[in-house]
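Structure first, then comments.
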Amino acid sequence: MEATVEVTGLRKRYGPAVALDGMTFTVAPGLVTAFVGPNGAGKSTTMRVILGLDRADEGSALVGGRWYRDLRQPLRHLGALLDPAALHPARRGRDHLLWLARSQALPTGRVDEVLRLTGLESAARRRTGGYSLGMRQRLGIAAALLGDPPVLILDEPFNGLDPEGIVWMRGFLRALAAEGRAILVSSHLMSELQDTAGHLVVVGRGRVVADTGVAELIAAASGDRVTLRTVERTEAMTVLAGAGATVTVTDRETLTVSGLPAGRVVALLNEAGLPFSEVSAHRATLEEAYMELTRDAVEFRAPRPEAAR
Amino acid sequence: MTDTITPYRSTVPAARDGLPALVRAEWTKFRTVRGWVVAAVVALLLMPLFGLLGAAGSHGEVGGGPGGESRAGHRAPPTGPGGEAVNDGPYFVHRPLAGDGTVTVRVTSLTGVVLPLGNGPGGLGGPAGGGPAGPAGVPPTEGGAQPWAKAGILLKESAEPGSAYAAVMVTADHGVRLQHNFTGDTAGPPGAVTADAPRWLRLTRAGDLLTGYASPDGEAWTTVGTVRLPGLPSSVLAGLFVATPGDETFEQHLGGFESIGEPAAATATFDELDTQGGFAGSDWSGQRIGATGRPGGAPGTGDPLVEGGFDVSRGTFTLTGSGDIAPFVTEGAAAVERTLVGTFATLTVAVVLGVLFIATEYRRGLIRVSVAASPRRGRVLAAKATVIGAITFVLGLVAAAVTVPLGRRLLRDNGNLVLPTDGLTELRVVVGTAALLAVAAVLAVAVGTILRRGAGAAAGVIVLTVLPYVLAVAAVLPAGAAQWLLRITPAAGFAIQQSVVAYPQVGHPYTPVAGYFPLAPWAGFAVLCGWTVLALGLATYLLRRRDA
Chain A
338 MEATVEVTGL RKRYGPAVAL DGMTFTVAPG LVTAFVGPNG AGKSTTMRVI
388 LGLDRADEGS ALVGGRWYRD LRQPLRHLGA LLDPAALHPA RRGRDHLLWL
438 ARSQALPTGR VDEVLRLTGL ESAARRRTGG YSLGMRQRLG IAAALLGDPP
488 VLILDEPFNG LDPEGIVWMR GFLRALAAEG RAILVSSHLM SELQDTAGHL
538 VVVGRGRVVA DTGVAELIAA ASGDRVTLRT VERTEAMTVL AGAGATVTVT
588 DRETLTVSGL PAGRVVALLN EAGLPFSEVS AHRATLEEAY MELTRDAVEF
638 RAPRPEAAR
Chain B
484 MTDTITPYRS TVPAARDGLP ALVRAEWTKF RTVRGWVVAA VVALLLMPLF
534 GLLGAAGSHG EVGGGPGGES RAGHRAPPTG PGGEAVNDGP YFVHRPLAGD
584 GTVTVRVTSL TGVVLPLGNG PGGLGGPAGG GPAGPAGVPP TEGGAQPWAK
634 AGILLKESAE PGSAYAAVMV TADHGVRLQH NFTGDTAGPP GAVTADAPRW
684 LRLTRAGDLL TGYASPDGEA WTTVGTVRLP GLPSSVLAGL FVATPGDETF
734 EQHLGGFESI GEPAAATATF DELDTQGGFA GSDWSGQRIG ATGRPGGAPG
784 TGDPLVEGGF DVSRGTFTLT GSGDIAPFVT EGAAAVERTL VGTFATLTVA
834 VVLGVLFIAT EYRRGLIRVS VAASPRRGRV LAAKATVIGA ITFVLGLVAA
884 AVTVPLGRRL LRDNGNLVLP TDGLTELRVV VGTAALLAVA AVLAVAVGTI
934 LRRGAGAAAG VIVLTVLPYV LAVAAVLPAG AAQWLLRITP AAGFAIQQSV
984 VAYPQVGHPY TPVAGYFPLA PWAGFAVLCG WTVLALGLAT YLLRRRDA
């Protein structure tokens, strides 16, 4: 089975509220696909449709070319974390994984393996009612990994994690993707996915607003802006403008140069014999790129009160 | 960028998919919530607890002797060929019969009287010390014959109480009957016997087969029926008999049931007696068949009406007797299921467990994890029903199997009458109790799935299943309403616990208060199963159709 998720033209209404309005995207293997958008954009609904929990009115959501509902022992094909609070509080963490393992006829050894992978060994024999949100997220990830599936779908896995946990989660997701898994991670905070996501699907009001590789997006958002610090401000402006750059003054010793790569700026300054103390290419953060991308999209400014589910 | 990616392949070894895996998963779910395990143990303990407390607090009320006599406890009633408790106290005038033979006789009258309390002991199950009794010593009231007063031809294995027999007879209100071995009853021509309308009767033995005939004139004969008494010895007793049940009135009141019983006597006259076949000798001897379980037949009271007797004068036989020959019927309180009164408590806990088993998943959102693990949702429900059904069945079986023998011993030690039950019936009562719990718990799972709310579902199932039963057996409801409820609600399933049999040939109020359900044991159980199947069907449909 191919490790992909293909979502095509999903539509779903809850009464008068449109939850999904032609949602279409693909989750490819080997990288983390960030699934972002404001609350109510349809992220969770899409995930529930992929998992066969909710029924779409139209469209298809295929896991490795098949509907989830047709999968036998589905946790071996797709692991999901939708709601970390979906636990019986009186059940121990390990027992929660144990019943899931039984349902997929998985060996008990897998339970201890995923506990180790998620760093939950010490809490495994405690009742989940006493878990922090971060521990529940880890238990949810452990449950998703139980069947060692090639596809992972995680809804807001960073919620409730402490900074250390966020770093752990990023590294963990990168490592899982590097193994060739297809991973869809929803989030409403882009900064969480910095250095993790390889692909970005931005949604709003039930449909895809942007579907792009993260590298290209950041390059585009960064532009060719170079920050230059020099005491010979006027001369530098003359030289660089002469080479075709647009130069603006940022403050007394700092200029922002657009239209020339940093190497070319350095070469031109050297030719002209002008001193400088800093030349740095500006690199946009994922968050900045995301803001740029969604700046004009009305979906992100006036969200109508749509059903949250 | 995907060019260089090798899609991931799961390293977990493949295994068999299917319902057994889901059943194991649901079992793991159950046993890993300590509260549920504790509740299951409590449910198991409630049944013996109630049963033994009830038995311990119940001291023999049965068979108290006539006023002031020591209450030495009951005499166990004899058992018939089928193992059931019987009354066997007719007045029997007989001669030995070897091999085949025929008796023909004309019955010209059957009358009866009610003997006032004081001549005989009080009614079974009535309040100690008798009820609203007339003053002792008043002469017999002319109450007329009891509806089931009997007179006719009796052929009996021996004079031993409980021995096999067949009899063709007239009754006061139920026409001609052919009865055998206490439980068998076949109706013949209707009509009462009077001097103007006597009734001819004939009983023929041919090997194991006994055939009863009736005739209005001794010429035109109707076959009432033929019965087989396998193993009937060649040498038997045959002759005439008269028998009558006591006069009992029953009253249901809130929380209970009262019966006021007075012994009765019946007198019948016969003539035109003719015997054919292997009769030996010519002397008829009369005797009252031994003591009966039913008080009122106690010998040694010295009252000729109670003792019975016969008189022959110019070919006319006059027989008087006060005992019955019929199945021993009493309220279920004396039956083995009395020890299982705690079933309703165990059932209540089982229902709550069944509801919680699914409703908690809805409450916590865990149902999504469950159906994501098994997208074939019907199987999730099937696995849950299997697990909760198996758990409640096993705990019910253990509880009932422990409670019945212990409870029975305790009841007997306290001087209570416990009716004998044949092994198969007792097995049905014990296994049926377990099945009742299991099916009700599955019903609870189904209703919990439908409603998705624990409290509402538990209340609903308890109101449907436990409440009608409690209201009916505690006599909160009038008998008619109770019977109606126990026909249509899932509480009908409690019928599976009934070991006592309602015999139409014995006049008795066969009401829930007395331990008689309106439906036969398996029919009542089928009603519960029907409810459960319907609820499971609806639950499966909704579970599949609804977004999880």
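Listed in order, the protein sequences are those of chains A and B. Using the working numbering, the first residue of the first sequence is number 338, and each one after it goes up by one. Using the working numbering, the first residue of the second sequence is number 484, and each one after it goes up by one. C-beta: ideal position from N, C-alpha, C; glycine also. Small disclaimer: the values here were computed from a predicted structure and weren't measured.
Taking Cβ-Cβ distances shorter than 7 Å, what residues in chain A pair up with B/Lys512?
-> In the second sequence, counting from the first residue as 1, residue 512 of chain B sits at position 29. Under the 7 Å cutoff, chain A gives Trp436.
For A/Leu482, collect the residues of the same chain with a Cβ closer than 7 Å to its Cβ; drop the 5 residues on either side in sequence, then sort them by chain order.
-> Residue mapping note: residue 482 of chain A aligns to position 145 of the first sequence, counting from 1. Same-chain partners within the cutoff: Gly416, Val451 and Leu454.
Within 8 Å, strictly: CB atoms of B/Leu593 and B/Val789 = Translated into positions along the second sequence, residue 593 of chain B becomes position 110. Translated into positions along the second sequence, residue 789 of chain B becomes position 306. The answer is no: Cβ separation not under 8 Å.
Do we get a CB-CB distance below 8 Å when we pair B/Thr489 with the residues of chain A?
-> Working through the second sequence from its first residue, we reach residue 489 of chain B at position 6. With 8 Å as the cut-off, B/Thr489 counts as an interface residue toward chain A.
Backbone CA spacing between B/Ala957 and B/Leu528 [nearest angstrom] | As a working mapping, residue 957 of chain B is identified with position 474 in the second sequence. As a working mapping, residue 528 of chain B is identified with position 45 in the second sequence. If you take the alpha carbons of B/Ala957 and B/Leu528, they lie about 22 Å apart.
Identify, in the order they occur along the chain, each residue of the same chain with its Cβ nearer than 8 Å to the Cβ of B/Thr829, setting aside the five sequence neighbours on each side.
-> Taking the first residue of the second sequence as 1, we reach residue 829 of chain B at position 346. Result list for B/Thr829: Ala526, Leu527, Leu529, Met530, Leu878, Gly879, Ala882 and Leu920, in chain order.
Contacts around A/Ala604, its chain only, beta-carbon distance under 8 Å, and the 5 residues preceding and following it disregarded | For this step, residue 604 of chain A is matched to residue 267 along the first sequence. The answer is none, since no qualifying residue turns up.
Secondary structure of B/Tyr574, DSSP reduced to three states = Along the second sequence, one-based indexing puts residue 574 of chain B at 91. Residue state, collapsed to three classes: strand.
Three-way DSSP call (helix, strand, coil) for B/Trp1005 in this model | Translated into positions along the second sequence, residue 1005 of chain B becomes position 522. Helix at B/Trp1005.
Evaluate A/Ala557 with the Cβ neighbour count: other Cβ atoms within 10 Å of its Cβ, from every protein chain shown; 16 or more gives buried, anything less gives exposed.
-> Here residue 557 of chain A refers to the residue found at position 220 of the first sequence. A/Ala557 should be labelled exposed.
Kindly list, in the order they appear in chain B, the residues whose Cβ is closer than 9 Å to that of A/Tyr405.
-> Counted from its first residue, the first sequence places residue 405 of chain A at position 68. Those are Ala855 and Pro858, listed as they occur along chain B.
Quick one: grab the DSSP three-state call for A/Pro353.
-> In the first sequence, counting from the first residue as 1, residue 353 of chain A sits at position 16. Coil.
Which full runs of the beta strand (DSSP E) of 3+ residues lie inside the stretch 507–560 of chain A, going along the chain?
-> If we require 3 residues or more, the beta strand (DSSP E) runs fully inside the stretch 507–560 of chain A come out as 519–524, 534–541 and 544–550.
Proximity winner among A/Thr591, A/Arg348 and A/Ala573, relative to A/Ala609 (alpha-carbon distances) = Taking the first residue of the first sequence as position 1, residue 609 of chain A is located at position 272. Of A/Thr591, A/Arg348 and A/Ala573, the smallest CA-CA separation from A/Ala609 is found for A/Ala573.
The stretch 491–498 of chain A contacting the stretch 468–479 of chain A, beta-carbon criterion three pairs below 8 Å = Yes, the stretch 491–498 of chain A is in contact with the stretch 468–479 of chain A.
Report yes or no: do the stretch 433–450 of chain A and the stretch 609–620 of chain A share at least 3 C-beta pairs separated by less than 8 Å?
-> Segment contact: the stretch 433–450 of chain A against the stretch 609–620 of chain A, fewer than three CB-CB distances shorter than 8 Å; contact not assigned.
Could you tell me whether the Cβ of B/Ala964 comes closer than 8 Å to any Cβ of chain A?
-> Taking the second sequence and counting its residues from 1, the one referred to as residue 964 of chain B is at position 481. With its beta carbon at least 8 Å from every one in chain A, B/Ala964 lies outside the interface.
Which word fits B/Thr948, buried or exposed, when buried means at least 16 other C-beta atoms lie within 10 angstroms of its C-beta?
-> Taking the first residue of the second sequence as 1, we reach residue 948 of chain B at position 465. Classification for B/Thr948: buried.
Near-chain A residues of the stretch 504–530 of chain B (beta-carbon distance less than 7 Å), N- to C-terminal order | Of all residues in the stretch 504–530 of chain B, Ala504, Leu505, Arg507, Ala508, Thr511, Lys512, Thr515, Val516, Arg517 and Gly518 have a Cβ within less than 7 Å of some Cβ in chain A.
Beta carbon of B/Ala538, beta carbon of B/Gly837: below 8 Å?
-> Here residue 538 of chain B is taken as the residue at index 55 of the second sequence, counted from 1. Here residue 837 of chain B is taken as the residue at index 354 of the second sequence, counted from 1. B/Gly837 is positioned such that its CB atom lies no closer than 8 Å to that of B/Ala538.
In the DSSP assignment, what are the bridge partners of B/Asp730?
-> Working through the second sequence from its first residue, we reach residue 730 of chain B at position 247. In the DSSP output, where bridge partners are listed per residue, B/Asp730 has B/Glu745.
Cβ of A/Val411 within 8 Å of any chain B Cβ | As a working mapping, residue 411 of chain A is identified with position 74 in the first sequence. Residue identity check: residue 411 of chain A is Pro in the sequence provided, not Val. At least one chain B Cβ lies under 8 Å of A/Pro411.
With DSSP collapsed to three states, give me the class of B/Asp766.
-> Walking along the second sequence from the start, residue 766 of chain B turns up at place 283. Collapsing the DSSP output to three states places B/Asp766 in coil.
How would you label B/Trp1005, buried or exposed, when you count the other beta carbons within 10 angstroms and need 16 or more for buried?
-> Looking up residue 1005 of chain B in the second sequence gives position 522. B/Trp1005 comes out exposed.
Residue-chain proximity (B/Gly606, chain A), Cβ-Cβ < 8 Å = To locate residue 606 of chain B, count along the second sequence from 1; it is residue 123. Residue placement at B/Gly606 is flagged as unreliable, the pLDDT there being 36, under the threshold of 50; the coordinate-derived value follows with that caveat. By this cut-off, B/Gly606 is not an interface position.
Please list the residues of the stretch 346–373 of chain A that have a C-beta atom closer than 8 Å to any C-beta atom in chain B, keeping them in chain order.
-> The residues in question are Ala365, Pro366, Gly367 and Leu368.
Rounded to whole angstroms, what's the CA-CA distance from A/Val594 to A/His525? Just pull it up for me.
-> Within the first sequence, numbered from 1, the residue matching residue 594 of chain A stands at position 257. Within the first sequence, numbered from 1, the residue matching residue 525 of chain A stands at position 188. Those two C-alpha atoms are separated by around 32 Å.
From the DSSP output, in three-state form, read off A/Pro490 for me.
-> If you number the first sequence from 1, residue 490 of chain A lands on position 153. Note that residue 490 of chain A is Ile in the sequence shown here, rather than Pro. Here A/Ile490 sits in strand by DSSP.
Can you have a look at B/Gln988 and say buried or exposed, based on whether 16 or more other CB atoms are within 10 angstroms of its CB?
-> For the purposes of this step, residue 988 of chain B is taken as residue 505 along the second sequence, with counting starting at 1. Burial check for B/Gln988: the Cβ neighbour count within 10 Å reaches 16 or more, so the residue is buried.
Three-pair Cβ contact test at 8 Å for the stretch 712–720 of chain B versus the stretch 630–639 of chain B = Touching, yes, given that three or more Cβ pairs across the two stretches are closer than 8 Å.
Compare the C-alpha of A/Val563 against each of A/Asn607, A/Arg507, A/Ala582 and A/Leu630 and name the closest.
-> Counting from one through the first sequence, the residue named residue 563 of chain A turns up at place 226. The shortest C-alpha separation from A/Val563 is found at A/Ala582.
Going along the chain, which unbroken runs of the beta strand (DSSP E) with 3 or more residues stay wholly within the stretch 907–970 of chain B?
-> For the stretch 907–970 of chain B, not a single whole beta strand (DSSP E) run of length 3 or above is found.
Nearest chain B C-beta to A/Ala460 closer than 8 Å, yes or no?
-> By 1-based counting over the first sequence, the position of residue 460 of chain A is 123. Among the CB atoms of chain B, none fall inside 8 Å of the CB of A/Ala460.
Grab the span of the beta strand (DSSP E) containing A/Gln474 for me, first residue to last.
-> Stepping through the first sequence from its first residue, residue 474 of chain A is reached at position 137. Per DSSP, A/Gln474 belongs to no beta strand (DSSP E); it is in the alpha helix (DSSP H), Leu470 to Leu482.
Can you list, in chain order, the residues of its chain whose CB lies under 6 Å from that of B/Phe876, leaving out five sequence neighbours each side?
-> Translated into the one-based positions of the second sequence, residue 876 of chain B becomes position 393. Ala917 and Ala921, listed in sequence order.
Contact check, B/Val944 vs B/Leu926, beta carbons under 8 Å | By 1-based counting over the second sequence, the position of residue 944 of chain B is 461. By 1-based counting over the second sequence, the position of residue 926 of chain B is 443. A contact, by the Cβ cut-off of 8 Å.
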